[in-house]
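Right, one structure below, let's go through it.
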Amino acid sequence: MLGTLTLLLLCQLAGELAARLLHLPVPGPVLGMLLLFAGLLLRGGVPDTVQDTAGGLLRHLSLLFVPAGVGVMVHVTRLETEALPIVAALFGSTLFGIAVTAKLMAFLLSRIDPRLEEEPTGEDRP
């Protein structure tokens with residue numbers, strides 16, 4: 001388990017170094033996950049030791065959110081003063097995400113079945 005945990009942390013460290021050295025707008029842990037994924041693909045599967053360690057981390061994932069929750073509580077006064085822009089950004093980004101998803105879904109469905117792109121006419125109704 002210790003070796004597998006070291007592997008996971010080394011992948012995260014490599015991702016963090018790549019993000020900082022290359023000035024990428026992607027978080028280091030995301031790059032680390034991609035490196036781990038590529039390594040597992042090259043290996044041809046997930047070893048049991050990695051699967052067991054990852055399963056243990058996932059079982060206790062809620063504990064990893066405690067520092068983030070404490071950080072939010074430390075800055076609660078700032079959140080109160082900037083509540084309106086935060087709420088507006090949340091609602092705006094949610095609506096934008098829904099709209100983009102709907103347009104993308106319509107586009108992809110029209111590629112699968114071109115008849116779905118046509119507007120229904122009165123003659124099509126029973």
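Each step along the sequence shown adds one to the number in UniProt numbering, with nothing skipped, and position 15 is 15. All C-beta atoms, glycine included, are put in the ideal place defined by N, C-alpha and C. These figures come from a predicted structure and were not determined experimentally.
Item	Value
With three or more beta-carbon pairs closer than 8 Å as the criterion, would you say the region 43-60 touches the region 74-82?	no
Please classify Gly-71 as buried or exposed, where buried requires at least 16 other C-beta atoms within 10 Å of its C-beta.	exposed
Name the two residues that bound the continuous alpha helix (DSSP H) containing Phe-96.	83-112
Please report the distance separating the alpha-carbon of Leu-79 from that of Pro-85.	10 Å
Less than 9 Å between the beta carbons of Glu-16 and Pro-25, yes or no?	no
Closer than 9 Å, CB to CB, is Leu-57 near chain B or not?	The structure shown has no chain B; it contains just one protein chain.
Give the single residue among Leu-34, Ala-68, Leu-8 and Arg-111 whose Cα lies nearest to the Cα of Gln-51.	Leu-8
Taking only the alpha-carbon atoms, compute the straight-line gap between Leu-13 and Gly-32 and give it to the nearest angstrom.	7 Å
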